[in-house]
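Listed in order, the protein sequences are those of chains Z and W. Okay, so the first sequence: first residue is 1 according to the UniProt record's numbering, each after it adds one. Okay, so the second sequence: first residue is 1 according to the UniProt record's numbering, each after it adds one. The structure appears below as structure tokens.
Number of protein chains: 2
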Amino acid sequence: MQEIERKFLLKSTVNFKKEARKNTRIVQGYLNSNPERTVRVRIKGEKAFLTIKGISNESGLSRFEWEKEIPVSEAETLLPLCEPGVIEKVRYEVPVGKHIFEVDEFFGSNDGLILAEVELSTEEEEFEKPVWLGEEVTGRKEFYNSYLSKHPFKNK
Amino acid sequence: MQEIERKFLLKSTVNFKKEARKNTRIVQGYLNSNPERTVRVRIKGEKAFLTIKGISNESGLSRFEWEKEIPVSEAETLLPLCEPGVIEKVRYEVPVGKHIFEVDEFFGSNDGLILAEVELSTEEEEFEKPVWLGEEVTGRKEFYNSYLSKHPFKNK
Chain Z
1 MQEIERKFLL KSTVNFKKEA RKNTRIVQGY LNSNPERTVR VRIKGEKAFL TIKGISNESG
61 LSRFEWEKEI PVSEAETLLP LCEPGVIEKV RYEVPVGKHI FEVDEFFGSN DGLILAEVEL
121 STEEEEFEKP VWLGEEVTGR KEFYNSYLSK HPFKNK
Chain W
1 MQEIERKFLL KSTVNFKKEA RKNTRIVQGY LNSNPERTVR VRIKGEKAFL TIKGISNESG
61 LSRFEWEKEI PVSEAETLLP LCEPGVIEKV RYEVPVGKHI FEVDEFFGSN DGLILAEVEL
121 STEEEEFEKP VWLGEEVTGR KEFYNSYLSK HPFKNK
């Protein structure tokens with residue numbers, strides 16, 4: 001599957017949380033954080049997933065993605081094998097027009113960072129921009145979770 | 001799961017193939033070849049698997065292993081993402097006493113290498129040694145498939 005996503009920072013002065021319909025705690029680690037072959041173990045609420053991603057295409061918008069649900073108990077045995085730098089965040093699902101924004105508030109060593117993502121069907125697809133949406137950072141590797149796991153936001 | 005395996009070179013003068021009950025072609029690549037968190041994509045005959053292994057324990061005999069069967073078509077989309085150095089081999093299953101030896105004959109850049117492995121229930125378990133069994137190489141990283149994918153036998 002090809003994944004088309006656009007990613008943004010947030011304007012810190014506006015509260016997006018009151019528009020969220022759901023929030024879920026996420027803990028994730030990387031069996032490989034290399035962007036050419038990222039292998040991620042994620043526990044998301046009551047579920048867990050193993051996800052493999054390839055390198056982005058030239059525009060930075062599209063990326064190969066393979067994902068399988070696995071039992072949470074198995075994810076818990078895999079997390080200790082991961083590279084140092086497990087990521088903890090709460091994901092808010094925020095409906096905006098016809099789309100759902102996934103807004104991730106980071107904790108631990110990435111405390112203070114908030115990122116919003118919207119998934120699109122094509123690279124050209126239009127979407128409504130909420131007032132709290134800030135600078136676009138799509139394709140910028142320093143905002144990949146795999147990068148943040150090794151280079152925490154706090155240390156910037 | 002903990003995996004207990006002992007690995008051996010073969011005495012080149014003895015033919016093990018006439019004792020084999022089955023042979024299967026294997027093609028495999030690594031999404032991570034680091035022995036601390038090996039992630040392997042394997043197509044084995046008509047089936048495919050994603051396998052994650054941790055580091056060996058001190059004795060080198062026991063290693064954490066997690067494995068899931070995946071569709072061959074998905075393995076084929078994951079192989080191009082793998083690190084350079086895909087491994088090709090034929091695995092012969094050779095019954096010896098109460099155990100099955102898995103004897104791997106390598107091709108491509110590891111042409112000429114043959115390795116035999118036997119899986120045990122405990123580190124102390126006894127097993128019958130066939131006449132073709134050579135030097136034990138259990139726990140030696142230069143005979144890990146993940147290492148061979150990057151440092152082929154031919155170049156030695």
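Positions of the beta carbon are idealized from the N, C-alpha and C atoms, including for glycine.
Spatial neighbours of residue i within its chain, please: C-beta separation below 6 Å, excluding the five flanking residues on both sides.
{"i": "residue 117/W", "result": "5, 7, 102"}
{"i": "residue 66/Z", "result": "52"}
{"i": "residue 68/W", "result": "50"}
{"i": "residue 127/Z", "result": "99, 118"}
{"i": "residue 22/W", "result": "93"}
{"i": "residue 87/Z", "result": "28, 145, 149"}
{"i": "residue 125/W", "result": "none"}
{"i": "residue 120/Z", "result": "4"}
{"i": "residue 78/Z", "result": "41"}
{"i": "residue 24/Z", "result": "44, 45, 91"}
{"i": "residue 96/Z", "result": "128, 130"}
{"i": "residue 57/Z", "result": "none"}
Is residue i helix, strand or coil when you go by DSSP?
{"i": "residue 92/Z", "result": "strand"}
{"i": "residue 109/W", "result": "helix"}
{"i": "residue 131/Z", "result": "coil"}
{"i": "residue 69/W", "result": "strand"}
{"i": "residue 138/W", "result": "coil"}
{"i": "residue 32/Z", "result": "strand"}
{"i": "residue 75/Z", "result": "helix"}
{"i": "residue 57/W", "result": "coil"}
{"i": "residue 98/W", "result": "coil"}
{"i": "residue 126/Z", "result": "coil"}
{"i": "residue 12/Z", "result": "coil"}
{"i": "residue 62/Z", "result": "strand"}
{"i": "residue 19/Z", "result": "helix"}
Closer than 8 Å by beta-carbon distance: list the chain W residues that pair up with residue i, in chain order.
{"i": "residue 138/Z", "result": "What residue 138/Z touches in chain W: nothing, since even the nearest Cβ is about 21 Å away."}
{"i": "residue 37/Z", "result": "31, 32, 81, 82, 83"}
{"i": "residue 74/Z", "result": "66"}
Within its chain, find whatever has a CB closer than 7 Å to the CB of residue i; leave out the 5 residues flanking it on each side and keep chain order.
{"i": "residue 89/W", "result": "26, 104, 105, 106, 107"}
{"i": "residue 82/Z", "result": "29, 30, 31, 41"}
{"i": "residue 143/Z", "result": "7, 115, 137"}
{"i": "residue 35/Z", "result": "55, 141, 144, 146"}
{"i": "residue 19/W", "result": "94"}
{"i": "residue 70/Z", "result": "48, 49, 50"}
{"i": "residue 110/W", "result": "87, 148, 152, 153, 154"}
{"i": "residue 39/Z", "result": "30, 31, 32, 52"}
Could you check if residue i is buried or exposed, using at least 16 other CB atoms within 10 Å of its CB as the buried criterion?
{"i": "residue 122/Z", "result": "exposed"}
{"i": "residue 130/W", "result": "buried"}
{"i": "residue 149/Z", "result": "buried"}
{"i": "residue 12/W", "result": "exposed"}
{"i": "residue 37/W", "result": "buried"}
{"i": "residue 85/W", "result": "buried"}
{"i": "residue 91/W", "result": "buried"}
{"i": "residue 14/W", "result": "exposed"}
So which residues of chain Z does residue i contact, with C-beta pairs closer than 8 Å?
{"i": "residue 64/W", "result": "77, 81"}
Kindly list, in the order they appear in chain W, the residues whose Cβ is closer than 9 Å to that of residue i.
{"i": "residue 43/Z", "result": "Going along chain W, no residue has its Cβ under 9 Å from residue 43/Z, so there is no contact; the nearest lies around 15 Å."}
Please work out which residues of its chain come closer than 8 Å, Cβ to Cβ, to residue i, disregarding the five sequence neighbours upstream and downstream, and give them in chain order.
{"i": "residue 112/W", "result": "106, 153, 154"}
{"i": "residue 72/Z", "result": "43, 46, 47, 48"}
{"i": "residue 74/W", "result": "48"}
{"i": "residue 10/Z", "result": "16, 103, 114, 115, 116, 132, 133, 134"}
Find the residues of chain Z that neighbour residue i, judging by a C-beta separation of less than 9 Å, and give them in chain order.
{"i": "residue 114/W", "result": "Simply none; closest approach about 29 Å."}
Find the residues of chain W that neighbour residue i, judging by a C-beta separation of less than 7 Å, and give them in chain order.
{"i": "residue 4/Z", "result": "In chain order: nothing, as chain W lies at least about 17 Å away."}
Is residue i near the ligand PLP - that is, is its Cβ less than 8 Å away from at least one heavy atom of it?
{"i": "residue 145/W", "result": "Although the ligand PLP was asked about, the structure shown includes no ligands whatsoever."}
Using the beta-carbon of each residue, which ones in chain Z are nearer than 7 Å to residue i?
{"i": "residue 157/W", "result": "Only positions 1 to 156 of chain W appear in this structure, which leaves residue 157/W out of reach."}
Any beta-carbon of chain B closer than 9 Å to the one on residue i?
{"i": "residue 5/W", "result": "Protein chains Z and W are contained in the structure displayed, whereas chain B is not."}
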